[in-house]
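Chemist: Top line first, the protein sequences correspond to chains A and B. Its first residue numbered 117, the first sequence is counted upward by one per residue in my numbering. Its first residue numbered 117, the second sequence is counted upward by one per residue in my numbering. Would you mind keeping the following structure in view while I ask a few things?
There are 2 protein chains.
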Amino acid sequence: MTAIDQYLEENALDFEDELCQFLRIPSVSADPKCKADVIQAAKWIAEQLERLNFSSEVIPTDGHPLVFAQSPLIPGATTVLVYGHYDVQPVDPLDKWITPPFDPSHRNGNLFARGASDDKGQVFTHVKGAEAWVKTAGKLPINLKFLIEGEEEVGSHALGKFLEKHSARLACDCAVISDGNQFAPGVPAICYGLRGIMCYELRLTGPNRDLHSGSFGGAVTNPANALTQILAGLIDGQGRVQIPGFYDDVVPLTDRERNEFAALPFDEPGFFRQIGVDAAMGEQGYTSLERRWARPTFDICGMWSGYQGEGAKTVLPSTSGAKISFRLVPNQDPAKVTAGLKQKLSQLCPPGIRFELIDAHGSSAVMVPLDSPYIEAAARAIEHAFGRRPVFTREGGSIPIVADFSNKLKAETLLLGWGQDDDNAHSPNEKFALADFHRGIKASARLWEELSKIKKG
Amino acid sequence: MTAIDQYLEENALDFEDELCQFLRIPSVSADPKCKADVIQAAKWIAEQLERLNFSSEVIPTDGHPLVFAQSPLIPGATTVLVYGHYDVQPVDPLDKWITPPFDPSHRNGNLFARGASDDKGQVFTHVKGAEAWVKTAGKLPINLKFLIEGEEEVGSHALGKFLEKHSARLACDCAVISDGNQFAPGVPAICYGLRGIMCYELRLTGPNRDLHSGSFGGAVTNPANALTQILAGLIDGQGRVQIPGFYDDVVPLTDRERNEFAALPFDEPGFFRQIGVDAAMGEQGYTSLERRWARPTFDICGMWSGYQGEGAKTVLPSTSGAKISFRLVPNQDPAKVTAGLKQKLSQLCPPGIRFELIDAHGSSAVMVPLDSPYIEAAARAIEHAFGRRPVFTREGGSIPIVADFSNKLKAETLLLGWGQDDDNAHSPNEKFALADFHRGIKASARLWEELSKIKKG
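Right, here's the structure in full:
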């Protein structure tokens with residue numbers, strides 16, 4: 117056993133305690149009431165890095181602060197940038213949590229808390245992977261930078277600007293991100309593609325107040341009825357999005373990809389059983405993995421109109437609204453999607469209704485090269501920690517910054533997710549398997565060594 | 117001036133004060149938290165009638181109590197049953213009220229409060245119409261009964277049973293109901309037709325929890341998307357409801373009705389301007405009045421799914437739901453509508469989604485004969501109080517009990533609405549014009565006299 121691995125074994129329980137401290141901070145970036153907590157989470161993770169002799173800063177922004185830290189410079193060594201986020205999703209519906217979201221709880225080898233997997237627990241593995249080097253060898257074998265943001269769940273507004281302005285400080289040979297899932301328990305993965313996303317809020321206004329549905333119903337366009345007509349018109353019965361030009365730039369799946377996806381040990385019945393769904397459904401002509409990883413989608417994330425209380429209230433509502441999102445794939449252009457959406461909404465919006473499309477934010481999809489030496493280094497590190505070579509996958513979720521790393525830093529990005537599909541990211545009862553937490557730390561510590569061996573050219 | 121009319125003039129301000137007492141009681145029948153207030157409202161109106169020497173009772177039911185009262189018997193005289201309701205609609209959105217809903221406020225000749233027009237203010241005119249006779253002549257010229265319920269806004273559950281069981285006590289020559297509107301300011305109306313209504317709550321369930329829309333989106337049926345597809349499928353682009361058999365029993369408008377409606381002084385641009393709507397819309401081939409009064413509708417009264425808070429939350433929701441209603445016309449059968457709806461929902465519900473249709477309640481539409489002597493008596497009473505003969509109209513709203521009066525008591529029903537279309541019934545800032553309140557009382561007092569003159573047999 118190496119000194120590093122021994123250090124990790126001896127300090128495993130301390131690592132868990134420290135992660136619980138981090139998880140107790142309710143850093144919900146979408147909730148203005150959590151502003152102070154978000155700042156506290158930034159300070160907490162910055163202090164962790166300062167203790168490892170990193171120069172560590174909490175950098176104010178127009179929104180939530182960024183944490184940036186770097187290890188003492190080793191001239192000529194490989195430079196690696198770890199990106200992650202310390203903000204978390206909202207917790208509602210709160211009554212569905214078995215234990216409180218910000219009071220971490222151990223059950224069946226898992227740690228339950230909002231942010232356990234997405235992304236506090238995962239980003240923390242790299243802090244501990246660095247610590248193992250500093251505490252055993254006195255220093256890291258590479259130049260390591262951390263960029264940890266507080267707005268990943270709300271569109272990463274500050275990050276783009278920071279990247280634009282400070283690309284020299286952020287310069288690196290490769291970026292490392294752990295904010296996703298393994299392929300399955302015991303099947304670690306390196307993810308080479310991410311979907312993009314565009315999110316919007318659509319608001320409809322009809323009459324200037326709620327109306328009596330008896331006195332007015334039938335003669336006035338109902339904004340709730342109109343919302344269903346409009347949103348239903350954005351997708352057809354074959355699961356195809358009905359926005360002009362939506363599929364024009366979509367990169368089709370290659371035969372090699374389709375074959376490799378089909379060969380993965382994907383337990384499709386188990387996948388659906390676990391989420392309580394009795395039928396695979398989606399775009400016609402594609403498998404479930406292809407639908408999740410490599411095809412664009414339209415999903416309503418929230419919707420509201422009129423009376424939602426107990427009993428009946430026979431109103432014709434004045435307004436209605438929805439939070440809608442499109443997952444994008446290479447090479448869809450978010451700006452073209454927004455333009456096409458606006459055009460389609462104008463066509464679908466009936467007389468008597470005004471619509472407003474607001475809060476557009478998102479990012480493009482990204483793919484990283486499968487044949488890079490950095491990917492091979494990561495595969496070796498993962499094999500050391502997890503006991504098997506990773507599979508190569510794509511991922512349905514979005515990490516807005518990955519496209520920016522590629523475009524602005526010209527850096528290759530290693531997407532090394534330590535989570536699992538059933539971690540309940542974005543749902544009640546989020547969890548992270550403690551075994552995955554510790555294997556992630558072990559893989560991280562080994563990754564710094566593997567990356568240090570790469571000949572730079 | 118008659119002694120009656122003089123009494124009404126002298127006591128006008130007291131009547132307003134008493135109405136305010138009634139309106140201060142927040143008797144929201146849909147809200148379990150208002151249960152005690154609902155009972156208090158029942159007691160208050162029962163006491164008012166007791167003071168006029170009526171035998172007056174507050175009758176407990178499985179839901180909210182009924183108030184029943186009758187004047188001392190005059191053998192051989194015409195017997196009239198006044199029906200009304202002391203319960204009111206919920207008040208949300210509360211922040212849109214200029215003054216609090218249960219703190220009555222005078223502005224520009226109107227009294228603003230929840231229930232001012234629907235129906236506390238209107239039913240109270242008949243109490244004061246009776247009082248004028250008792251205080252001036254010592255007694256009424258007819259046998260007068262009052263039946264005032266507390267569940268009109270939530271489906272009149274107790275009333276149907278009570279009517280079934282106590283039809284002998286309720287026996288009458290005609291019923292009088294003031295729970296609607298005049299045709300326009302200064303244009304009183306007698307309404308000879310009401311739409312019926314069926315209300316339902318539709319609930320959809322997909323995955324067993326909210327899912328990450330990136331990891332799962334595209335491969336799992338989204339209950340919010342499904343809700344829009346299903347509800348949009350219940351009505352077509354021509355405003356026609358798409359339920360099997362929905363129009364089979366609809367009584368078509370006669371040429372006479374269409375001509376009379378067209379001749380009414382209906383300010384259609386003003387109607388739409390007042391509610392802030394820039395386009396008349398509805399079932400193709402019908403005018404706005406025909407759509408409101410004599411054609412069936414489908415309206416979503418409330419709708420919900422997923423995240424409705426600030427910012428974005430990229431979930432694929434576990435559930436969605438809607439409160440939906442159909443306005444019915446003669447001779448649609450509510451049971452057939454429910455059966456057709458269930459059949460259509462089964463067709464429309466996509467794989468991966470379970471639906472539940474609950475809380476069905478409602479009543480059939482009703483029409484009353486235009487050539488009855490009771491209608492002519494009411495027309496004379498209205499002309500005395502309002503200074504012009506009423507027009508004869510239909511009404512889009514529903515009064516569940518009117519069909520029962522017709523079927524079970526074999527009584528002709530006089531629908532004498534003292535309200536106005538802009539009274540904001542069921543909306544924030546409900547009001548009742550004080551002039552209409554006092555003219556309603558005057559018409560009521562004269563009505564007892566006109567009805568006493570009708571030769572029975």
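Where is the CB? At the ideal position from N, CA and C, for every residue including glycine. Being a predicted model, the structure only gives us computed values, none of them experimental.
Could you list which residues in chain B have their beta carbon closer than 8 Å to that of C417 of chain A, in chain order?
Modeler: Simply S329, A340, G422, Y423, A428, K429, T430, V431, L432 and P433.
Chemist: What is the rounded straight-line gap between the Cα of L432 of chain B and the Cα of A274 of chain B?
Modeler: Straight-line Cα distance between these residues: approximately 41 Å.
Chemist: Anything in chain A within Cβ reach of P368 of chain B, meaning under 9 Å, just list it in chain order.
Modeler: Within chain A, no residue comes near P368 of chain B; the closest Cβ sits about 15 Å away, beyond 9 Å.
Chemist: Do you know how far the Cα of P216 of chain B is from the Cα of P544 of chain B?
Modeler: Roughly 10 Å separates the two Cα atoms.
Chemist: Would DSSP call T194 of chain B helix, strand or coil?
Modeler: In this structure, T194 of chain B counts as coil in the three-state DSSP scheme.
Chemist: Rounded to the nearest angstrom, how far is the Cβ of E565 of chain A from that of G334 of chain B, given a contact under 8 Å?
Modeler: In fact, because the Cβ distance is near 38 Å, the residues do not count as touching under 8 Å.
Chemist: Suppose the cutoff is 7 Å on Cβ atoms and the five residues either side in sequence are ignored; what does the same chain contact list for G296 of chain B look like?
Modeler: Once the five neighbours on either side are set aside, the close Cβ partners of G296 of chain B are C307, E511, G513, L531, G533 and G535.
Chemist: For a test of the three-state rule: what should DSSP assign to K255 of chain B, helix, strand or coil?
Modeler: It is coil, neither helix nor strand.
Chemist: Check the C-beta distance from G355 of chain B over to A395 of chain A and give it rounded, since I have them as a contact under 8 Å.
Modeler: Not really, about 33 Å apart at Cβ, beyond 8 Å.
Chemist: What span of residues does the alpha helix (DSSP H) with S329 of chain A cover, start to end?
Modeler: Segment S329 to F332, the alpha helix (DSSP H) holding S329 of chain A.
Chemist: I need the DSSP call for S233 of chain B, collapsed to helix, strand or coil.
Modeler: Coil.
Chemist: Using 7 Å as the limit for Cβ to Cβ distance, is P516 of chain B near chain A?
Modeler: So no, P516 of chain B is outside the interface.
Chemist: Count the other CB atoms within 10 Å of the CB of M117 of chain B; is the residue buried (16 or more) or exposed (fewer)?
Modeler: Exposed is the call here.
Chemist: Answer yes or no: does any C-beta atom of chain B fall closer than 7 Å to that of A128 of chain A?
Modeler: Output row for A128 of chain A: interface = no.
Chemist: Can you pull the chain B residues whose beta carbon is under 8 Å from the beta carbon of N116 of chain A, in chain order?
Modeler: Here chain A comprises residues numbered 117 to 573, so residue 116 of chain A is not present and cannot be evaluated.
Chemist: Among A:F521, A:P381 and A:G266, which one has its Cα closest to the Cα of T177 of chain A?
Modeler: Of the listed residues, the one whose Cα sits closest to T177 of chain A is A:G266.
Chemist: Can you pull the chain B neighbours of R325 of chain A, defined as C-beta to C-beta under 9 Å?
Modeler: Those within 9 Å of R325 of chain A in chain B are K212, I391, G392, N540, S543, P544 and N545.
Chemist: Counting contacts by CB-CB distance shorter than 7 Å, is A493 of chain A in contact with chain B?
Modeler: A493 of chain A does not count as touching chain B.
Chemist: Since I believe P323 of chain A is in contact with S434 of chain A (beta carbons under 8 Å), could you give me their beta-carbon distance rounded to a whole number of angstroms?
Modeler: About 5 Å; that satisfies the 8 Å criterion.
Chemist: Closer than 8 Å by beta-carbon distance: list the chain A residues that pair up with R408 of chain B, in chain order.
Modeler: Within 8 Å Cβ-Cβ: S331, F332, G333, G334 and A335.
Chemist: Taking any Cβ of chain A, which residues in the region 395-407 of chain B have a Cβ under 7 Å from it, in chain order?
Modeler: Listed by position, the residues of the region 395-407 of chain B near chain A (Cβ gap below 7 Å) are A395, A396, M397, G398, E399, S404 and R407.
Chemist: Within 7 Å (strictly less), CB to CB, does S441 of chain A reach chain B?
Modeler: So, interface residue.
Chemist: Which residues in the same chain have their Cβ closer than 7 Å to the Cβ of Q459 of chain B, if we skip the five residues on either side of it in sequence?
Modeler: Only P360 meet the Cβ criterion.
Chemist: Is the beta carbon of V507 of chain B sitting closer than 7 Å to the one on F299 of chain B?
Modeler: A contact, by the Cβ cut-off of 7 Å.
Chemist: Using a Cβ cut-off of 7 Å, pull out every chain A residue sitting near P450 of chain B, in sequence order please.
Modeler: Simply none; closest approach about 14 Å.
Chemist: Select from B:T195, B:S331 and B:D153 the residue whose C-alpha is nearest the C-alpha of A291 of chain B.
Modeler: Taking only the C-alpha atoms, the option nearest A291 of chain B is B:T195.
Chemist: According to DSSP, is C417 of chain B helix, strand or coil?
Modeler: Note: C417 of chain B maps to strand in three-state DSSP.
Chemist: For the region 156-166 of chain A and the region 194-212 of chain A, state whether three or more C-beta atom pairs, one from each stretch, are separated by less than 8 Å.
Modeler: The answer is yes - the region 194-212 of chain A touches the region 156-166 of chain A, with three or more Cβ pairs under 8 Å.
Chemist: With 7 Å as the threshold, decide whether the Cβ of L444 of chain A is near any Cβ in chain B.
Modeler: By this cut-off, L444 of chain A is not an interface position.
Chemist: Residues in the region 358-388 of chain B with C-beta within 7 Å of chain A's C-beta atoms, listed in sequence order?
Modeler: From the region 358-388 of chain B, no residue has a Cβ closer than 7 Å to chain A.
Chemist: Can at least three beta-carbon pairs, one atom from the region 166-173 of chain B and one from the region 476-494 of chain B, be found at a separation below 8 Å?
Modeler: Flag = no, the region 166-173 of chain B and the region 476-494 of chain B do not touch.
Chemist: By Cβ distance, which residues of its chain are closer than 6 Å to A541 of chain B, with the 5 residues on each side in sequence left out?
Modeler: Hits under 6 Å: S233 and D234.
Chemist: According to the neighbour-count rule (16 or more other Cβ atoms, all chains shown, within 10 Å of its Cβ), is Y316 of chain A buried or exposed?
Modeler: Counting Cβ neighbours within 10 Å, Y316 of chain A comes out buried, since at least 16 surround it.
Chemist: Is the CB of R356 of chain B under 7 Å away from at least one CB in chain A?
Modeler: For R356 of chain B, the answer is no, since every Cβ of chain A falls outside 7 Å of its Cβ.
Chemist: Which partner residues of R223 of chain A appear in the DSSP bridge assignment?
Modeler: DSSP output for R223 of chain A lists A:N226 as bridge partner(s).
Chemist: Less than 8 Å between the CB atoms is what I'm expecting for V366 of chain A and V445 of chain A, so what's the real figure, rounded?
Modeler: About 6 Å separates the two Cβ atoms, so the contact holds.
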